[in-house]
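Visitor: In numbering that gives the first Met the number 0, the protein residues as written are 0 to 279.
The structure under discussion is supplied below as C-alpha coordinates; questions concerning it will follow.
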Amino acid sequence: MNNTRHGFGICTYNYLIYVVGGWGASTVESYDPATNEWHLCQNIPVTVGIFNRPTLEENSVYSVTRASNGKNVLFRFDPRDDKWCDLNEMPGTSGQYELVSWDRTSFAIGKNNCKRLDIRVNRWNPMSCIFSKRIGFSAVIAAKDVYVFDRKETDRSQFNTSVERFDIHSKAIFRIDVQQIYFQPFKAHDDSIQNLSSLLSTVRRIIYQTCESVWEKLASICIALPNELRLKKILQDFNNTWSLPHFVDIMDSKRVTVVCPPRSGSMFYNFKDDFIMTVS
(Lines of atoms letter the chains of each structure in order from A; the text may use other names.)
(Lines give C-alpha, C1' and ligand atoms only; values in the text may rest on other atoms or scores of the structure.)
Protein backbone atom coordinates (compact mmCIF):
# COMPACT_ATOMS: atom_id res chain seq x y z
CA MET A 0 0.00 0.00 0.00
CA ASN A 1 1.02 3.60 -0.46
CA ASN A 2 0.14 4.46 3.18
CA THR A 3 0.60 2.54 6.43
CA ARG A 4 -2.62 2.09 8.39
CA HIS A 5 -4.43 -0.02 10.97
CA GLY A 6 -8.05 -0.22 12.06
CA PHE A 7 -9.03 0.24 8.42
CA GLY A 8 -12.01 -1.16 6.51
CA ILE A 9 -11.83 -3.36 3.43
CA CYS A 10 -14.28 -4.48 0.74
CA THR A 11 -14.28 -5.56 -2.90
CA TYR A 12 -15.96 -4.18 -6.01
CA ASN A 13 -15.57 -5.03 -9.68
CA TYR A 14 -12.48 -7.23 -9.08
CA LEU A 15 -10.73 -4.49 -7.08
CA ILE A 16 -9.96 -4.48 -3.34
CA TYR A 17 -10.69 -1.17 -1.59
CA VAL A 18 -8.90 -0.22 1.64
CA VAL A 19 -10.70 2.60 3.46
CA GLY A 20 -9.23 4.91 6.10
CA GLY A 21 -7.97 3.60 9.42
CA TRP A 22 -6.81 5.00 12.75
CA GLY A 23 -6.15 8.68 12.04
CA ALA A 24 -6.07 8.06 8.27
CA SER A 25 -8.47 9.47 5.69
CA THR A 26 -6.79 8.03 2.60
CA VAL A 27 -8.39 5.39 0.39
CA GLU A 28 -6.64 2.97 -1.95
CA SER A 29 -7.64 0.26 -4.40
CA TYR A 30 -5.65 -2.84 -5.27
CA ASP A 31 -5.83 -4.54 -8.65
CA PRO A 32 -4.83 -8.23 -8.32
CA ALA A 33 -4.48 -8.51 -12.11
CA THR A 34 -1.67 -5.95 -12.24
CA ASN A 35 -0.50 -6.21 -8.60
CA GLU A 36 -0.71 -2.42 -8.26
CA TRP A 37 -2.16 0.00 -5.70
CA HIS A 38 -3.96 3.18 -6.78
CA LEU A 39 -4.93 6.17 -4.64
CA CYS A 40 -8.61 7.15 -4.56
CA GLN A 41 -10.28 10.29 -3.27
CA ASN A 42 -9.83 10.74 0.48
CA ILE A 43 -12.71 10.42 2.93
CA PRO A 44 -14.01 14.00 3.43
CA VAL A 45 -13.45 13.98 7.21
CA THR A 46 -10.61 13.52 9.68
CA VAL A 47 -10.87 9.90 10.81
CA GLY A 48 -10.54 9.33 14.54
CA ILE A 49 -10.67 5.60 15.28
CA PHE A 50 -12.07 3.30 12.62
CA ASN A 51 -13.71 2.77 9.22
CA ARG A 52 -16.11 0.00 8.34
CA PRO A 53 -17.23 -0.20 4.69
CA THR A 54 -19.80 -2.37 2.94
CA LEU A 55 -20.90 -2.68 -0.68
CA GLU A 56 -24.47 -2.04 -1.79
CA GLU A 57 -25.85 -1.16 -5.25
CA ASN A 58 -22.43 -0.55 -6.85
CA SER A 59 -21.39 1.89 -4.11
CA VAL A 60 -19.19 1.62 -1.04
CA TYR A 61 -20.88 2.79 2.18
CA SER A 62 -18.49 3.57 5.04
CA VAL A 63 -19.23 4.27 8.70
CA THR A 64 -16.44 6.44 10.09
CA ARG A 65 -15.67 7.44 13.65
CA ALA A 66 -14.57 11.04 13.08
CA SER A 67 -12.07 12.91 15.26
CA ASN A 68 -14.95 14.92 16.77
CA GLY A 69 -16.45 11.69 18.22
CA LYS A 70 -19.39 11.49 15.82
CA ASN A 71 -20.22 8.46 13.68
CA VAL A 72 -20.65 9.69 10.12
CA LEU A 73 -21.67 7.83 6.98
CA PHE A 74 -20.29 8.38 3.48
CA ARG A 75 -21.02 6.83 0.11
CA PHE A 76 -18.23 6.25 -2.44
CA ASP A 77 -19.01 5.69 -6.11
CA PRO A 78 -16.01 3.80 -7.59
CA ARG A 79 -17.12 4.72 -11.10
CA ASP A 80 -16.83 8.47 -10.38
CA ASP A 81 -14.15 8.22 -7.65
CA LYS A 82 -16.19 10.56 -5.44
CA TRP A 83 -17.43 10.52 -1.84
CA CYS A 84 -20.70 12.09 -0.74
CA ASP A 85 -21.91 12.82 2.79
CA LEU A 86 -25.00 10.95 4.00
CA ASN A 87 -27.05 11.01 7.19
CA GLU A 88 -25.06 11.09 10.43
CA MET A 89 -25.58 7.96 12.49
CA PRO A 90 -26.95 8.50 16.01
CA GLY A 91 -25.32 6.46 18.76
CA THR A 92 -22.31 6.42 21.03
CA SER A 93 -20.58 3.10 20.31
CA GLY A 94 -16.90 3.49 19.59
CA GLN A 95 -16.83 0.46 17.32
CA TYR A 96 -19.18 -0.82 14.63
CA GLU A 97 -19.26 -3.58 12.09
CA LEU A 98 -21.14 -2.72 8.89
CA VAL A 99 -22.93 -5.26 6.68
CA SER A 100 -25.64 -4.82 4.04
CA TRP A 101 -28.47 -6.75 2.46
CA ASP A 102 -31.28 -5.74 0.10
CA ARG A 103 -30.71 -1.94 0.13
CA THR A 104 -30.29 -1.91 3.90
CA SER A 105 -27.08 -1.44 5.90
CA PHE A 106 -26.76 -2.81 9.43
CA ALA A 107 -24.36 -1.12 11.86
CA ILE A 108 -23.63 -3.54 14.71
CA GLY A 109 -22.10 -1.86 17.78
CA LYS A 110 -21.21 -3.11 21.22
CA ASN A 111 -23.58 -0.60 22.86
CA ASN A 112 -26.29 -0.14 20.20
CA CYS A 113 -27.25 -1.25 16.71
CA LYS A 114 -28.71 0.75 13.84
CA ARG A 115 -30.24 0.04 10.46
CA LEU A 116 -30.04 2.35 7.42
CA ASP A 117 -32.62 2.35 4.65
CA ILE A 118 -30.43 3.35 1.71
CA ARG A 119 -33.41 4.40 -0.42
CA VAL A 120 -34.48 7.17 1.97
CA ASN A 121 -31.14 7.74 3.77
CA ARG A 122 -32.64 7.25 7.24
CA TRP A 123 -31.26 5.46 10.31
CA ASN A 124 -33.60 3.38 12.48
CA PRO A 125 -32.84 1.61 15.78
CA MET A 126 -32.74 -2.18 15.92
CA SER A 127 -32.33 -4.85 18.58
CA CYS A 128 -28.96 -4.87 20.34
CA ILE A 129 -26.73 -7.91 20.70
CA PHE A 130 -27.01 -9.66 24.07
CA SER A 131 -23.43 -9.42 25.32
CA LYS A 132 -21.01 -6.53 25.01
CA ARG A 133 -18.08 -7.65 22.92
CA ILE A 134 -14.68 -6.35 21.87
CA GLY A 135 -12.98 -6.96 18.55
CA PHE A 136 -16.14 -8.62 17.29
CA SER A 137 -17.01 -9.40 13.68
CA ALA A 138 -20.29 -9.45 11.79
CA VAL A 139 -21.23 -11.22 8.57
CA ILE A 140 -24.34 -11.77 6.45
CA ALA A 141 -25.21 -15.42 5.76
CA ALA A 142 -28.52 -16.82 4.50
CA LYS A 143 -30.22 -13.43 5.05
CA ASP A 144 -29.18 -13.35 8.72
CA VAL A 145 -26.54 -11.27 10.53
CA TYR A 146 -24.10 -13.26 12.66
CA VAL A 147 -21.96 -11.61 15.37
CA PHE A 148 -19.15 -13.37 17.22
CA ASP A 149 -15.91 -12.92 19.23
CA ARG A 150 -14.76 -12.21 22.80
CA LYS A 151 -16.92 -10.78 25.57
CA GLU A 152 -15.82 -7.43 26.93
CA THR A 153 -15.95 -8.75 30.50
CA ASP A 154 -13.18 -11.31 29.88
CA ARG A 155 -10.57 -10.36 27.32
CA SER A 156 -8.49 -13.49 27.91
CA GLN A 157 -11.17 -15.94 26.73
CA PHE A 158 -12.84 -16.38 23.37
CA ASN A 159 -16.61 -16.22 23.39
CA THR A 160 -18.32 -19.57 22.95
CA SER A 161 -21.60 -18.24 21.57
CA VAL A 162 -22.66 -16.66 18.31
CA GLU A 163 -25.54 -14.22 18.09
CA ARG A 164 -27.85 -14.26 15.07
CA PHE A 165 -30.08 -11.38 13.99
CA ASP A 166 -33.06 -12.45 11.88
CA ILE A 167 -33.55 -9.70 9.28
CA HIS A 168 -37.19 -10.59 8.64
CA SER A 169 -38.43 -11.00 12.22
CA LYS A 170 -35.95 -8.43 13.63
CA ALA A 171 -35.23 -10.79 16.55
CA ILE A 172 -31.87 -11.81 18.01
CA PHE A 173 -30.99 -15.39 18.99
CA ARG A 174 -27.97 -16.80 20.83
CA ILE A 175 -26.33 -19.89 19.33
CA ASP A 176 -24.07 -22.01 21.53
CA VAL A 177 -21.03 -23.44 19.78
CA GLN A 178 -18.34 -25.88 20.79
CA GLN A 179 -15.64 -24.33 22.99
CA ILE A 180 -12.27 -23.92 21.33
CA TYR A 181 -9.13 -23.02 23.28
CA PHE A 182 -6.01 -21.81 21.51
CA GLN A 183 -2.65 -22.63 23.11
CA PRO A 184 -0.10 -21.84 20.39
CA PHE A 185 2.92 -22.41 22.60
CA LYS A 186 1.72 -25.69 24.16
CA ALA A 187 0.52 -27.53 21.08
CA HIS A 188 1.57 -31.17 20.80
CA ASP A 189 2.80 -32.78 17.61
CA ASP A 190 -0.17 -35.15 17.46
CA SER A 191 -2.70 -32.29 17.67
CA ILE A 192 -0.92 -30.45 14.86
CA GLN A 193 -0.93 -33.62 12.73
CA ASN A 194 -4.65 -34.18 13.43
CA LEU A 195 -5.43 -30.60 12.45
CA SER A 196 -3.38 -30.93 9.27
CA SER A 197 -5.17 -34.16 8.38
CA LEU A 198 -8.58 -32.56 9.02
CA LEU A 199 -7.81 -29.55 6.83
CA SER A 200 -6.51 -31.80 4.05
CA THR A 201 -9.71 -33.87 4.17
CA VAL A 202 -11.93 -30.78 4.07
CA ARG A 203 -9.91 -29.39 1.15
CA ARG A 204 -10.31 -32.64 -0.80
CA ILE A 205 -14.08 -32.75 -0.16
CA ILE A 206 -14.51 -29.16 -1.33
CA TYR A 207 -12.57 -29.77 -4.55
CA GLN A 208 -14.47 -32.98 -5.34
CA THR A 209 -17.82 -31.31 -4.67
CA CYS A 210 -17.00 -28.32 -6.87
CA GLU A 211 -15.85 -30.57 -9.71
CA SER A 212 -19.06 -32.63 -9.53
CA VAL A 213 -21.27 -29.53 -9.48
CA TRP A 214 -19.42 -28.12 -12.50
CA GLU A 215 -19.68 -31.34 -14.51
CA LYS A 216 -23.41 -31.78 -13.84
CA LEU A 217 -24.69 -28.19 -14.00
CA ALA A 218 -22.29 -26.11 -16.11
CA SER A 219 -23.96 -26.98 -19.41
CA ILE A 220 -27.39 -26.21 -17.92
CA CYS A 221 -26.85 -23.09 -15.80
CA ILE A 222 -24.30 -21.20 -17.92
CA ALA A 223 -24.92 -22.62 -21.38
CA LEU A 224 -24.38 -20.35 -24.38
CA PRO A 225 -27.78 -19.03 -25.55
CA ASN A 226 -28.96 -20.01 -29.02
CA GLU A 227 -30.96 -17.84 -31.41
CA LEU A 228 -34.33 -18.71 -29.83
CA ARG A 229 -33.00 -17.98 -26.34
CA LEU A 230 -31.61 -14.59 -27.45
CA LYS A 231 -34.96 -13.64 -28.97
CA LYS A 232 -36.69 -14.61 -25.73
CA ILE A 233 -34.25 -12.43 -23.74
CA LEU A 234 -34.88 -9.51 -26.11
CA GLN A 235 -38.62 -9.88 -25.65
CA ASP A 236 -38.35 -10.12 -21.83
CA PHE A 237 -36.20 -6.97 -21.62
CA ASN A 238 -38.63 -5.06 -23.80
CA ASN A 239 -41.72 -6.26 -21.90
CA THR A 240 -40.26 -5.71 -18.42
CA TRP A 241 -38.20 -2.54 -18.84
CA SER A 242 -39.33 -1.11 -22.22
CA LEU A 243 -35.73 -1.40 -23.42
CA PRO A 244 -35.55 -2.76 -26.99
CA HIS A 245 -32.49 -4.54 -28.46
CA PHE A 246 -31.11 -5.53 -25.01
CA VAL A 247 -29.74 -9.04 -24.56
CA ASP A 248 -27.72 -8.59 -21.33
CA ILE A 249 -26.46 -6.10 -18.76
CA MET A 250 -22.95 -6.59 -17.40
CA ASP A 251 -23.79 -4.66 -14.24
CA SER A 252 -26.85 -3.21 -12.59
CA LYS A 253 -27.98 0.06 -14.18
CA ARG A 254 -29.92 2.72 -12.27
CA VAL A 255 -32.36 4.54 -14.55
CA THR A 256 -34.15 7.73 -13.53
CA VAL A 257 -37.93 7.30 -13.87
CA VAL A 258 -41.17 9.09 -13.11
CA CYS A 259 -42.49 7.90 -9.74
CA PRO A 260 -44.86 4.98 -10.44
CA PRO A 261 -48.35 5.48 -8.96
CA ARG A 262 -49.00 4.14 -5.46
CA SER A 263 -45.35 3.03 -5.03
CA GLY A 264 -44.63 5.03 -1.87
CA SER A 265 -40.87 5.33 -1.25
CA MET A 266 -39.97 2.12 -3.09
CA PHE A 267 -38.21 3.94 -5.94
CA TYR A 268 -37.16 7.07 -4.02
CA ASN A 269 -33.48 8.03 -4.22
CA PHE A 270 -31.67 10.24 -1.71
CA LYS A 271 -30.78 12.58 -4.59
CA ASP A 272 -34.45 13.64 -4.58
CA ASP A 273 -35.43 11.71 -7.68
CA PHE A 274 -36.80 8.25 -8.44
CA ILE A 275 -34.74 5.39 -9.89
CA MET A 276 -35.29 1.86 -11.10
CA THR A 277 -32.46 -0.69 -10.96
CA VAL A 278 -32.22 -2.73 -14.16
CA SER A 279 -30.33 -5.98 -13.79
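Think of the CB as a built atom: it goes at the ideal place given N, C-alpha and C, for glycine as much as any other residue.
Could you check whether the segment 30-40 touches the segment 65-72, counting it as contact only if at least three pairs of C-beta atoms, one from each stretch, sit closer than 8 Å?
Guide: Not touching, per the Cβ criterion.
Visitor: Tell me whether the beta-carbon of D144 lies closer than 8 Å to the beta-carbon of I167.
Guide: Within the sequence shown, residue 144 is the residue found at index 145, counting from 1. Within the sequence shown, residue 167 is the residue found at index 168, counting from 1. It is a contact, given that the beta carbons lie within the stated cut-off.
Visitor: To the nearest angstrom, how far is it from the Cα of T209 to the Cα of A107?
Guide: Position 210 of the sequence shown, counted from the first residue, corresponds to residue 209. Position 108 of the sequence shown, counted from the first residue, corresponds to residue 107. Roughly 35 Å between the two C-alpha positions.
Visitor: Under 8 Å, do T256 and I233 count as touching if we go by C-beta distance?
Guide: Locating residue 256 in the sequence shown gives position 257, where the first residue counts as 1. Locating residue 233 in the sequence shown gives position 234, where the first residue counts as 1. No, Cβ-Cβ distance for T256 and I233 is not below 8 Å.
Visitor: Put T11 into one of helix, strand or coil per three-state DSSP.
Guide: To locate residue 11, count along the sequence shown from 1; it is residue 12. Here T11 sits in strand by DSSP.
Visitor: Quick check for students: name the residue ranges of the beta strand (DSSP E) that lie wholly in the segment 52-115, counting only runs of 3 or more.
Guide: 59-66, 71-77, 82-85, 96-101, 104-109, all fully within the segment 52-115.
Visitor: Under a Cβ-count criterion, where at least 16 other Cβ atoms within 10 Å of its own Cβ denotes burial, should K271 be classed as buried or exposed?
Guide: Taking the first residue of the sequence shown as position 1, residue 271 is located at position 272. Exposed.
Visitor: Looking at C-beta atoms only, is the number of pairs between the segment 2-9 and the segment 18-27 that lie closer than 8 Å three or more?
Guide: Judged by Cβ distances under 8 Å, the segment 2-9 makes contact with the segment 18-27, as three or more pairs qualify.
Visitor: Starting from L39, follow the beta strand (DSSP E) in both directions and report where the run begins and ends.
Guide: Along the sequence shown, read from residue 1 onward, the residue named residue 39 stands at position 40. It spans 36-40 - the beta strand (DSSP E) in which L39 sits, taken as one unbroken run.
Visitor: Using three-state DSSP, classify D166 as helix, strand or coil.
Guide: Reading the sequence shown from its first residue, position 167 is the one you call residue 166. Reduced to three states, the DSSP call for D166 is strand.
Visitor: Quick one: is W214 buried, meaning 16 or more other Cβ sit within 10 Å of its Cβ, or exposed?
Guide: Position 215 of the sequence shown holds residue 214. Flag for W214 reads exposed.
Visitor: Give me the residue from M89, D102, P244 with the minimum Cα distance to W123.
Guide: If you number the sequence shown from 1, residue 123 lands on position 124. Comparing Cα positions, the closest option is M89.
Visitor: For S265, which of P53, V120, M126 has the nearest alpha-carbon?
Guide: Along the sequence shown, one-based indexing puts residue 265 at 266. Ranking the options by Cα distance to S265, first place goes to V120.
Visitor: For N87, I'd like the list of residues in its chain whose CB is within less than 7 Å of its CB, leaving aside the five on either flank, ordered along the chain.
Guide: Within the sequence shown, residue 87 is the residue found at index 88, counting from 1. Same-chain partners within the cutoff: L73, N121, R122, W123.
Visitor: Check whether the Cβ of F148 lies closer than 8 Å to any Cβ atom in chain C.
Guide: Here there is only one protein chain, and chain C is not present.
Visitor: Identify whether D272 lies in helix, strand or coil by the three-state DSSP scheme.
Guide: For the purposes of this step, residue 272 is identified with residue 273 of the sequence shown, where counting begins at 1. In the structure shown, D272 sits in coil (DSSP, three-state: anything other than H, G, I, E or B).
Visitor: Assign V19 to one of three DSSP states: helix, strand, or coil.
Guide: If you number the sequence shown from 1, residue 19 lands on position 20. If DSSP states are grouped into helix, strand and coil, V19 belongs with the strands.
Visitor: In chain order, what residues of the same chain have a beta carbon less than 7 Å from the beta carbon of M0, not counting five sequence neighbours either side?
Guide: As a position in the sequence shown, residue 0 is number 1, starting the count at 1. Excluding positions up to five away in sequence, the list reads V18, E28, W37.
Visitor: Please work out which residues of its chain come closer than 8 Å, Cβ to Cβ, to K170, disregarding the five sequence neighbours upstream and downstream, and give them in chain order.
Guide: Position 171 of the sequence shown, counted from the start, is the residue given in the question as residue 170. M126, S127, listed in sequence order.
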